[in-house]
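J.:
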Amino acid sequence: MDKKYWALIIVLVLVVGGYASYYAYAMTTLVPKDLKTFKDDLKAMEEPFITPSEIKEMEEIRSMLEGVDLKVIPAEERKKIADEIRSEIPLKELQEFKYNCSSNREDVAFRYDVLLMGDVAKDIREVYSKDVEEKAEKLITLMNKMADDFEKGDTEALKADIDEFIKLGKELENWRVKIGKPGLQRIVEKLGG
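Residue numbers for the sequence shown, in the working numbering: -19 to 173.
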């Protein structure tokens, strides 16, 4: 045989060997770790982002704001309440959720493409979509805006914020029930969990 053929065979053996090594590593180390993460995420999906009682409470607050001028509340009191609202924002959890969406959608899904498990990669990209990540970012922004509008005494802006919060809460619940939870269940099943 010619030297070119030997070189080609050696390169082919190296590529196949490298892929086989990565495949073995991924299947014995990375996939079990991912499976645990997906199971944890699935367990977290049992609880809504915004509970129906929180949505009902926001609807009641929205109704109470009709015909009310927040500026009658002293500025110091509005600031105190706004600071309480800001402190209750689950910022760490929402930031972590956004990071997980991005990481899973880009890095973890790519891993399953490389492992020739495109159906799992597709489900990962669907569950951790850019859309749901943007909704989490919008929720962070909106909650901060609600506190700012309350502090300013801007009743109309606060009512609009509450309306948007309710709408966003319902969208996130719809995502959780129709996409998030079923998608994670499929992923866990496909990975043998």
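Where is the CB? At the ideal position from N, CA and C, for every residue including glycine.
1. From the DSSP output, in three-state form, read off Gly(-2) for me.
2. Measure how close the beta-carbons of Ser109 and Arg85 come, nearest whole angstrom, since I'm counting them as under 8 Å.
3. So, is Met44 buried or exposed, given that buried needs 16 or more other C-beta atoms within 10 angstroms?
4. Answer yes or no: do Asp103 and Met126 have a C-beta to C-beta separation smaller than 7 Å?
5. Please state whether DSSP places Gly173 in a helix, a strand or coil.
6. Which residues bound the alpha helix (DSSP H) around Pro12?
7. Considering just the uninterrupted stretch of the alpha helix (DSSP H) at Ala6, what are its terminal residues?
8. Could you tell me how far apart the beta carbons of Glu106 and Cys81 are, in whole angstroms, since I believe they sit closer than 8 Å?
9. Would you mind working out which of Leu10, Ile35, Lys59, Ala137 sits nearest Gly149, comparing C-alpha positions?
10. Whole angstroms are fine: how far does the CA of Leu122 sit from the CA of Ala55?
11. If contact is defined by three or more beta carbon pairs under 8 Å, each pair taking one atom from either stretch, is the region 48 to 64 in contact with the region 147 to 162?
12. Which ranges would you report for the alpha helix (DSSP H) in the region 93 to 129 if only whole runs of at least 4 residues count?
13. For a test of the three-state rule: what should DSSP assign to Val168, helix, strand or coil?
14. May I ask which residues mark the beginning and end of the alpha helix (DSSP H) holding Pro32?
15. What do you get for Phe29, buried or exposed, if any count of 16 or more other CB atoms within 10 angstroms of its CB means buried?
T.: Answer, in terms of the structure:
1. If DSSP states are grouped into helix, strand and coil, Gly(-2) belongs with the helices.
2. 7 Å
3. exposed
4. no
5. coil
6. Segment 11 to 24, the alpha helix (DSSP H) holding Pro12.
7. No alpha helix (DSSP H) holds Ala6; DSSP gives it neither H nor E.
8. Actually they are not in contact, since the Cβ atoms of Glu106 and Cys81 sit about 11 Å apart, beyond 8 Å.
9. Ile35
10. 21 Å
11. no
12. 98 to 107
13. helix
14. It spans 32 to 44 - the alpha helix (DSSP H) in which Pro32 sits, taken as one unbroken run.
15. That one is buried.
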